[in-house]
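Each number in the working numbering comes from the position in the sequence shown (counting from 1) with 252 added on.
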Amino acid sequence: MSFTIANLLRRSSDLELVSESAALEIELLLSHVIKKDRIWLKTWPDFQLKDEQVLFFNQLFDRRLQGEPLAFILGSKGFWTLDYAVNSHTLIPRPETELLVEIALSLELNDNSKIIDLGTGTGAIALALASERPNWQIDATDAVHQALELAEFNRNMFGLTNVNIFYSDWLDSVSRRDSASSYDLIVSNPPYIEQNDPHLQQGDVRFEPSSALVAGLDGLDALRIIIEQAPMHLSPNGWLLVEHGYDQGNSVRRLFDLTGFKQIKTHADLNLQDRVTAGCLIAPP
Ligand code: GLN
């Protein structure tokens, strides 16, 4: 069999064992190997790969067959309008997290607002917001040093100058509220999976660090800390916006309420699952 594009694309049937979007994934792998876009692949089905390209393709294909996430194999993942470098030290950006970005942008904050993204990982949320609102001053923190390096790499690659990235375990290393350092918005996509959740043994999450995924027995350990710490760091009409599990809406709203938040609302993602809860420190007029 000759190693033409058309022939290699036929191997997508093998990938169906590990992926629900095998046809797309094999095109992305092949595009990556021959450095041409997917339209080019469709245009030149009889193009014959060189031996070293076939070898490289086979290596990547085998890694995917072993279950390694496509994003780690390609080294990047699209989120919002940007293509982020990713690695195994932190979470791969997920489409559902774009909901959090959308809500943050819809809050009608001032042009010069101060924002912080806690547990920024790749920088997904902070950098997406920075790209949309160049006048916002955005801080982004993480407690994993390799994640901070990755977020800095992405910030520099995108040429965003309004994001300050530094070490902090949630808000522990962030100075407390004073006129100069309070935030108009705190955002976070923290770990929120229950430590015994069987889904941790399936799919991409097996290859991602548990520090980015798991938060105690009920999955709420990180959210409890963030919600409790947030008011000390928010301006009087500041907002807190967090991502959480599909079945954690009630618990998260209750934590917001106990901490004194008002205007508490949970938003559903595209799969109609509860995903993001927002609250503000002041009640509506
Ligand atoms: N949404 C992710 C998942 O279920 C988890 C991300 C997280 O814990 N922040 O795979």
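Glycine included, each C-beta is placed from N, C-alpha and C at the ideal position.
- For Asn362, no beta strand (DSSP E) segment is defined, and its DSSP state is neither H nor E.
- Contact between the segment 328-341 and the segment 447-457 is not established, with fewer than three Cβ pairs separated by less than 8 Å.
- A distance below 7 Å separates the beta carbons of Ala403 and Ala392.
- Here the distance from the Cβ of Asn441 to the nearest heavy atom of the ligand GLN is below 6 Å.
- DSSP places Phe313 inside the alpha helix (DSSP H), whose first and last residues are Asp303 to Leu317.
- Less than 7 Å divides the Cβ of Ile390 from the Cβ of Asn414.
- If you draw a straight line from the Cα of Leu361 to the Cα of Asp436, it is about 8 Å long.
- Residue nearest to Gly327 within the set Ser365, Val285 and Trp292 is Val285 (criterion: CA-CA distance).
- Bounds of the beta strand (DSSP E) holding Arg527 are Asp526 to Cys532.
- By the criterion of a C-beta distance shorter than 8 Å, Lys514 is surrounded in its chain by Gly531, Cys532, Leu533, Ile534, Ala535 and Pro536, once the five residues flanking it on both sides are discounted.
- As the crow flies, the alpha-carbon of Ala258 is around 17 Å from that of Phe308.
- Between the ligand GLN and the CB of Arg527, the shortest heavy atom gap is not smaller than 6 Å.
- Burial is judged here by how many other beta carbons sit within 10 angstroms of a residue's own beta carbon; Glu268 has fewer than 16 and is exposed.
- In the structure shown, Leu423 falls within a coil segment according to DSSP collapsed to helix, strand and coil.
- At a Cβ-Cβ threshold of 7 Å, Pro443 and Val426 do not count as neighbours.
- Tyr444 has its CB nearer than 6 Å to a heavy atom of the ligand GLN.
- About 6 Å separates the CB atoms of Pro483 and Thr511; that is less than 8 Å, so the two are in contact.
- Boundaries cannot be given for Ile344, as no beta strand (DSSP E) includes it and DSSP labels it neither H nor E.
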